[in-house]
Amino acid sequence: QQWWSSYLRPEPMLKKADNDGMMPLYIASRNGHVTVVEQLLAAGSEVNKADDDGRTSLWQASYNGNATVVEQLLAAGADVNKADNDGKTPLWEASYNGHATVVEQLLKA
1 QQWWSSYLRP EPMLKKADND GMMPLYIASR NGHVTVVEQL LAAGSEVNKA
51 DDDGRTSLWQ ASYNGNATVV EQLLAAGADV NKADNDGKTP LWEASYNGHA
101 TVVEQLLKA
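Mapping to the UniProt record's numbering: the sequence shown position 105 is 105, numbers consecutive.
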C-alpha cells in the first residue's frame, strides 16, 4: 500500500485519472483497500467523481460488495443515487450481485 502514498502528494495526483477516467479513490474502492480509501478521503479526493462510464467509487464498492468501503464513502458524502451511464445505481449493482450487507447499507443511507 505504500505506493499509494505517492498519490497523496502532490495534491494534483488525487485528481489525476488513468486512461479510462479512473481516479485513485475509484481504484482503491473497487479493490476494497480500506486504509487507502481512508487516506485518499482524508487528503481530499472527490467522493462523487465518476469514470468515463459514469461509475463512481461507491458504485464500484457496491458492485464488488466492499461493505467497509461503502460505509466510508457514505460517511464522506457519496451520492447513493448516482447512476452510471446505463442507469444502474449502486443499489442496483449490490442487489444484482447478491451483496445483502451493502444493499442494507445503501437502503439506510
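Cβ coordinates follow ideal geometry from the N, Cα and C atoms, glycine included.
Here the structure is a predicted model, which is why all the values come from computation and not from measurement.
Buried versus exposed, by CB contacts within 10 Å (16 or more), residue i
{"i": "Asp-86", "result": "exposed"}
{"i": "Asn-19", "result": "exposed"}
{"i": "Asp-51", "result": "buried"}
{"i": "Tyr-63", "result": "buried"}
Backbone CA spacing between residue i and residue j [nearest angstrom]
{"i": "Ile-27", "j": "Val-80", "result": "18 Å"}
{"i": "Glu-46", "j": "Leu-106", "result": "19 Å"}
Terminal residues of the alpha helix (DSSP H) in which residue i lies
{"i": "Asn-64", "result": "57-64"}
{"i": "Val-103", "result": "100-108"}
{"i": "Ala-17", "result": "Taken as a continuous stretch (DSSP letters only), Ala-17 belongs to no alpha helix (DSSP H), as it is neither H nor E."}
{"i": "residue 110", "result": "Since the first and last residues shown for the chain are 1 and 109, residue 110 lies out of range."}
Beta-carbon separation (whole angstroms), residue i vs residue j, contact threshold 8 Å
{"i": "Gln-60", "j": "Ser-29", "result": "5 Å"}
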